[in-house]
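A.B. asks:
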Amino acid sequence: MGIVASVLKKFHGGVHPPGRKELSEQCAIESMPMPKRLVVPFHQHLGAPSEPVVNVGDTLFKGDLLGSAGDGISAPVHAPTSGTIVAIEEHVVGHPSGLTMLCAILEPDGKDQWNPQLQGVDDPFSLEPAAVRDLVKSAGVVGLGGATFPSFVKLSPPRDKVVDLLLINAVECEPYLTCDARLMEERPLDVVEGIRIMLHALQTKECVIGIENNKPKAIAAMQNAVAREASGKDGNIRVVVLPVMYPQGSEKQLIEVVTGRQVPSKGLPIHIGVVVHNVATAVAVRDAVRFGRPLVSRIVTVTGQGITRPANIEVLIGTLADDVIAHCGGLKPGTCKVVMGGPMMGLALHQTNIPIVKGSSGILALTQDESSGKPEHSCIRCGSCVSACPIQLVPCTMAWFAKTEQFDQLINVDLFDCVECGSCAYVCPSNVPLVHYFRYGKLALQSKAREEKKRELNKQRTKLRDERLAREKEEKERKKEEMKAKMAAKKKGKGTETHGSEAVSGEESRS
Amino acid sequence: MSPSSLLFTSSPHVHGGNSIPQIMQQVILALMPATLLSVLIFGWPALLVLVITTVTAMLTEYLMVKIRRRPSPLGDMSAALTGILLALTLPPQSPWWICVVGGVFAILLGKHVYGGLGFNMFNPALISRVFLLVSFPVELTSWPQPTGLFGKHALSFSDSLSLITTGHLSSGKMMDAISAATPLGQYHVALSMGKSVHDALGGDYAFSYLSAIAGFIAGSLGETSAIALALGGIYLIRKNIISWHIPAAMFAGTLIPATLFWILDATKYPDPLFHLITGGLVMGAFFMATDLVTSPVTPLGQIIFGAGCGLLTYIIRTWGGYPEGVSFAIVIMNATVPLLDQYTHPVVYGKAKKNV
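Going line by line, the protein sequences match chains A and B. First residue of the first sequence? That's 710 in the numbering used here, and the numbers climb one at a time after it. First residue of the second sequence? That's 12 in the numbering used here, and the numbers climb one at a time after it.
1) How would you list, in chain order, the residues of chain B whose beta-carbon sits under 9 Å from the beta-carbon of A/Pro-884?
2) Whose C-beta lies closer than 8 Å to the C-beta of A/Asn-764 among residues of the same chain, with five residues either side of it excluded?
3) Taking the straight line between their C-alpha atoms, what separation do you get for B/Glu-150 and B/Tyr-354?
4) Nearest chain A C-beta to B/Leu-29 closer than 8 Å, yes or no?
5) Expressed to the nearest angstrom, what Euclidean distance is found between the alpha-carbon atoms of A/Asn-674 and A/Leu-1029?
6) Going by the CB atoms, is the gap between A/Gln-1169 and A/His-721 shorter than 8 Å?
7) Would A/Asp-1123 count as contacting chain B if we go by Cβ distances under 8 Å?
8) Runs of 4 residues minimum, wholly inside the stretch 993-1077 of chain A: which ones carry the alpha helix (DSSP H) assignment?
9) Taking Cβ-Cβ distances shorter than 8 Å, what residues in chain B pair up with A/Met-1054?
10) Would you list the one or two residues that DSSP bridges to A/His-787?
11) Shortest alpha-carbon distance to B/His-256 belongs to which of B/Leu-70, B/Val-25, B/Met-204, B/Leu-311?
12) Apart from the five residues on each side of it in sequence, which residues of its chain come closer than 8 Å, Cβ to Cβ, to B/Ser-222?
13) Contact check, A/Leu-732 vs A/Thr-1012 under 8 Å by CB: the rounded distance?
14) For the stretch 1146-1158 of chain A and the stretch 1113-1127 of chain A, state whether three or more C-beta atom pairs, one from each stretch, are separated by less than 8 Å.
15) In whole angstroms, what separates the C-alpha of B/Leu-143 from that of B/Val-342?
16) On the DSSP letters alone, give me the boundaries of the beta strand (DSSP E) that A/Cys-916 sits inside.
17) Just verifying my parser: in three-state terms, what is the DSSP assignment at A/Tyr-1149?
18) Taking the C-alpha atoms as reference points, what is the distance between B/Ser-89 and B/Met-69?
19) According to a CB-to-CB cut-off of less than 8 Å, which residues of the stretch 902-929 of chain A neighbour chain B?
20) If you measure between the beta carbons of A/Cys-999 and A/Gly-829, is that distance less than 8 Å?
21) Pull up the distance between the alpha-carbon of A/Gly-728 and that of A/Pro-744, whole angstroms please.
22) Quick one, are the C-beta atoms of A/Ile-979 and A/Val-917 less than 8 Å apart?
23) Determine the chain B residues that contact A/Lys-961 at a beta-carbon separation under 8 Å, and present them in chain order.
24) Is A/Gly-819 buried or exposed, if buried means 16 or more other CB atoms sit within 10 Å of its CB?
25) Can you tell me the Cα-Cα spacing of A/Lys-1067 and A/His-1036, whole angstroms?
26) According to the Cβ coordinates, are A/Leu-811 and A/Ala-997 closer than 8 Å?
27) Note down, in chain order, each residue of its chain lying with its Cβ closer than 8 Å to the Cβ of A/Ser-1210, except the 5 sequence neighbours on either side.
28) Is the distance from the Cβ of B/Gly-243 to the Cβ of B/Ala-41 below 8 Å?
29) Since I believe B/Phe-133 is in contact with B/Thr-347 (beta carbons under 8 Å), could you give me their beta-carbon distance rounded to a whole number of angstroms?
30) Against chain B, with Cβ distances strictly below 8 Å, would A/Val-716 count as a contact?
31) Short check: CB of B/Gly-94 to CB of B/Gly-114, under 8 Å?
32) Does the separation of the CB atoms of B/Thr-176 and B/Arg-140 fall below 8 Å?
33) DSSP has A/Glu-799 in a bridge; who is on the other side?
34) Can you find a C-beta in chain A that's less than 8 Å from the C-beta of B/Thr-309?
35) What three-state label does DSSP hand A/Pro-750 in the structure shown?
36) Does DSSP put A/Pro-817 in a helix, a strand or coil?
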């Protein structure tokens, strides 16, 4: 038997937050009217930002390039609809510090016209795997589960690594969110086609689609589609039904459940022969390869007790959250928090005029009684966090070190293995914002590392400078001596003149 | 929506609803069978001891919270729990001032001098009991025979009130039935006199396993009914408030050496069941050693901690100067908790040997 375990394994800890999916799981994916303007950030993915290639006043087709991918891990950004660039400026985005980011402001012309030159490939399986990756790369496809890691990278395994398993993450373990479930119900064939293209790019056969058992309709749809679409064809695609447990949709935990193996600490899934892609990413890959269409929209779940009309909407990238909320009837009174993403790992927004980006899986309007926000008490060392942590960390100790700024200790307690799933904070009876402390600790350690690097560099520079100065001084002394000697020789009048100008100018070894 | 009206906090944005008061309430609830049974067995004096100790603990907490300007006075119920736990370790007819001194000590020196709930090193109830035991040994080792709440020998409420507050009955008579001995005490004395276990536990206060299990033996309030205590303990485990590690390891820590020595010489060493159902082992294993603040947070740490508590209990009971060793054992092990926590971290995901 291959890499897939015959029995599902369990991961350590985990929690059972109420699913709340009933709010939106019946809502078919809809589209919304064209917004008056789109705000498209040039940096929507993990890695280097894209470089703007358009100017104010440019008229673009839907799918035209706005920003080209930077070096290495990066992704391009495309025009979500046809229209005119009216500005390229800083705009607030969904960022924990409320920072602004360079964005293209696009005024739609209302025609929503794809660039007619965009062309797909009818038979992707005749392409070289590398060609498939290039199509995915140039379409700006990134992981749609929320991490927004450029997908082409995960479709390009290193030469020395063999991919044994493509794991499709359709777990959607975050409460409230239903966008992936709806996608599977409504476009199961597209999912399977995307998976087959991915298998081809990875040159592997084995694929598992992991779905939690609280989505029976999605499971049935996918099982049908797999039976219809994949039977008799290359590849062994299977739907694996998983018991509900948060954070099963976390890459590491999903791999452990399906394969029984753990990704090495600081390693990647590929190190144990696994590649994980989100189910929505599979559809984006399919659209990119089959139709040449870049990633310019995504499905967003708009939900929560605070939203007037919950919905699953296919939203153009760059649509302001304000417009999406307005389309859903606005916020009800009593809404105290708006979250982008899921309730366990999403980002609270301080304002709602920020754009939907490739990683925005949901907009949650939470009321007082469904959201947390009680004051923090001191830790009573109950150990609930230790039992809940899927990574088997000791969260209470980590939080203590972060709170008391003992940053060096944080490394000893494996802070950087934390995936920030929030299980610990969810169970904490003292309402300690543990994840907040971990982020603080990580940032502090990262900036400390940067400082240290800088200091090291400065030290090196100072050392080189001192050496150079010493050399120059020596040189001067030597020349002086030489001159003296020459003068003395002249005085003696022997007339043996030597013109030995070997004076070497101090080569500056600045780097 | 205007920016200022939205809450801006770190994820996660939902919470499971656990809270400190809820945990404390659950523990108090779990203690109720044993507490009520002890009142039934020992009568009104026991109830007075419980009330005085608990009220003192709560008053002290209230004052300390005010003085230290902390929020939520009494709201977390932890002082009430400490008071009940302390009362359960006291003799059923303890004088009022023992209860008061104990209650103040537990909250003030057992908890608040360390910085309040969450920062104390020792179990507040137990450190207070240990203080009382070494300071006032006579009062802390005066065991009345169980007379019941309503029985023929039961004390009336007014007699009980008078006994606790003045030391004699309301009629002015002195108590005469006061000198019983706990089974562990009998054994301890007998052992020091070179008698056999059999001789020690026979005689006037003949030891019966059945009455010991049900709780009808002399002892502290909470040392009595192993069954009522175990019920509460199992409830706490089922409710995920404590984990099984500490109780299981503590029982093993006492019962394994007890079994070994009993097999070795049954005339000198009582059987493991005797160790299990007399004294404070069940109480200690389920309610004292498992005190959240003063026990390790890691599973392995909890096992080592529990085993240490159990082993020390057996050592003190068998060779120590006191007949009962549970309090000392747990307090001593409390001191090892920071070290245990530091060196027993679980293996982090992806760091197991099979992955490297």
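Just so it is clear, CB atoms sit at the ideal spot from N, CA and C, and this is done for glycine as well. Keep in mind the model is a prediction, meaning the values are calculated, not measured.
C.D. replies: Based on what the coordinates show:
1) Val-25
2) Ile-794, Ile-797
3) 41 Å
4) At residue 29 of chain B the sequence reads Asn, which differs from the Leu that was named. Yes - at least one Cβ of chain A is within 8 Å of the one on B/Asn-29.
5) For residue 674 of chain A there is no data in the structure shown, the boundaries of chain A being 710 and 1220.
6) no
7) yes
8) 1030-1036
9) Ser-22, Pro-23
10) A/Leu-774
11) B/Leu-311
12) Ile-228
13) 5 Å
14) yes
15) 14 Å
16) 915-921
17) helix
18) 9 Å
19) none
20) Position check: residue 999 of chain A holds Arg in this sequence, whereas Cys was assumed. Yes, they are a contact pair.
21) 31 Å
22) no
23) Tyr-360, Gly-361
24) exposed
25) 19 Å
26) no
27) Note that A/Ser-1210 scores a pLDDT of 45, beneath 50, so its modelled location is shaky and nothing firm can be said.
28) yes
29) Their Cβ separation, rounded to whole angstroms, is 11 Å, which puts B/Thr-347 and B/Phe-133 out of contact at 8 Å.
30) no
31) yes
32) no
33) A/Leu-811
34) yes
35) strand
36) strand
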